[in-house]
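Enquirer: Residue numbers (our numbering): 18 to 196.
C-beta atoms are modelled at their ideal positions from N, C-alpha and C, and glycine is treated no differently.
#1: Could you check if residue 98 is buried or exposed, using at least 16 other CB atoms within 10 Å of its CB as the buried criterion?
#2: Using alpha carbons as the reference points, say which of 162, 141, 28, 137 lies closest to residue 155.
#3: DSSP state of residue 101, grouped into three classes?
#4: Who are the near neighbours of residue 163 in its chain, counting only those whose CB is closer than 7 Å to its CB and skipping five residues on each side?
#5: How many angstroms separate the CA atom of residue 55 from the CA atom of residue 41?
#6: On the premise that residue 139 lies in contact with residue 160, defined as a C-beta separation below 8 Å, what is that separation, rounded to the nearest angstrom?
#7: Just checking, does the segment 50-64 make contact with the segment 73-86 on the three C-beta pairs under 8 Å criterion?
#8: Output the distance between the C-alpha atoms of residue 100 and residue 34, rounded to the nearest integer angstrom.
#9: Can residue 130 and residue 148 be called in contact, C-beta distance under 8 Å?
#10: Would you tell me roughly how many angstroms separate the C-alpha atoms of residue 75 and residue 112, rounded to the nearest one?
#11: Nearest CA to the CA of residue 181: which residue from 124, 168, 88?
#12: Nearest-angstrom Cα distance between residue 107 and residue 176?
#13: Is residue 65 helix, strand or coil when you go by DSSP?
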């Protein structure tokens with residue numbers, strides 16, 4: 018001090034309040050079954066723990082759910098991210114329906130369609146319409162994409178065309194009785 022010429026020291030402790038706000042970055046908010054979404058935390062993180070128990074800066078998510086992460090930042094503050102809602106959509110499983118029996122006579126047809134509507138269609142014939150008209154024996158499938166962008170394929174349906182016509186032929190003979 019300037020009056021007594023004695024050295025006076027004092028300690029002042031400053032605590033810096035962290036402005037870091039951890040946020041989850043997601044590669045997507047939704048995906049199709051079988052796909053993976055990556056969730057990541059960036060920033061001055063010393064340690065972290067995901068709601069799944071994992072302790073890496075990025076995790077792979079394959080199921081729907083609410084995910085969050087608790088972090089300790091470089092100033093020693095513990096913070097939790099906002100919850101990330103992730104949706105994993107089921108793959109569509111189109112069912113082919115026929116408007117009549119799939120056993121046909123020559124010159125007959127059957128219309129095949131799906132029991133639900135989808136965004137896009139690709140039949141095994143190459144057609145991209147919601148339904149097809151079939152007159153040839155064979156197995157048929159349809160691949161679809163739904164409104165979530167997920168794709169699926171139907172089971173096969175078999176159409177059989179018999180080697181016979183579906184018509185009766187009648188011959189009338191007036192005969193000698195005058196009828």
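Expert: In this structure, then:
#1: Position 81 of the chain shown, counting from 1, holds the residue named residue 98. Under this definition residue 98 is a buried residue.
#2: Counting from 1 along the chain shown, the entry for residue 155 is found at position 138. Answer by Cα proximity: 141.
#3: Along the chain shown, one-based indexing puts residue 101 at 84. In the structure shown, residue 101 adopts extended strand secondary structure according to DSSP, grouped into three states.
#4: For the purposes of this step, residue 163 is taken as residue 146 along the chain shown, with counting starting at 1. For residue 163, where only same-chain residues beyond five positions count, the Cβ hits under 7 Å are 109, 135, 136.
#5: Sequence index remark: in the chain shown, residue 55 carries index 38 (1-based). Sequence index remark: in the chain shown, residue 41 carries index 24 (1-based). Near 10 Å, if we compare the C-alpha coordinates of residue 41 and residue 55.
#6: Working through the chain shown from its first residue, we reach residue 160 at position 143. Working through the chain shown from its first residue, we reach residue 139 at position 122. About 5 Å separates the CB atoms of residue 160 and residue 139; that is less than 8 Å, so the two are in contact.
#7: Yes, the segment 50-64 is in contact with the segment 73-86.
#8: On the chain shown, residue 100 is found 83 positions in, with the first residue counted as 1. On the chain shown, residue 34 is found 17 positions in, with the first residue counted as 1. Distance from the CA of residue 100 to the CA of residue 34, rounded to the nearest whole angstrom, comes to 23 Å.
#9: Translated into positions along the chain shown, residue 130 becomes position 113. Translated into positions along the chain shown, residue 148 becomes position 131. Judged by beta-carbon spacing, residue 148 lies within the 8 Å limit of residue 130, meaning their Cβ atoms are closer than that value.
#10: Translated into positions along the chain shown, residue 75 becomes position 58. Translated into positions along the chain shown, residue 112 becomes position 95. Taken atom to atom, the span from the alpha-carbon of residue 75 to that of residue 112 is near 38 Å.
#11: On the chain shown, residue 181 is found 164 positions in, with the first residue counted as 1. Nearest neighbour of residue 181 by Cα position, chosen from 124, 168, 88, turns out to be 124.
#12: Walking along the chain shown from the start, residue 107 turns up at place 90. Walking along the chain shown from the start, residue 176 turns up at place 159. About 29 Å.
#13: Against the chain shown, residue 65 aligns to sequence position 48. Annotated three-state conformation of residue 65 is strand, per DSSP.
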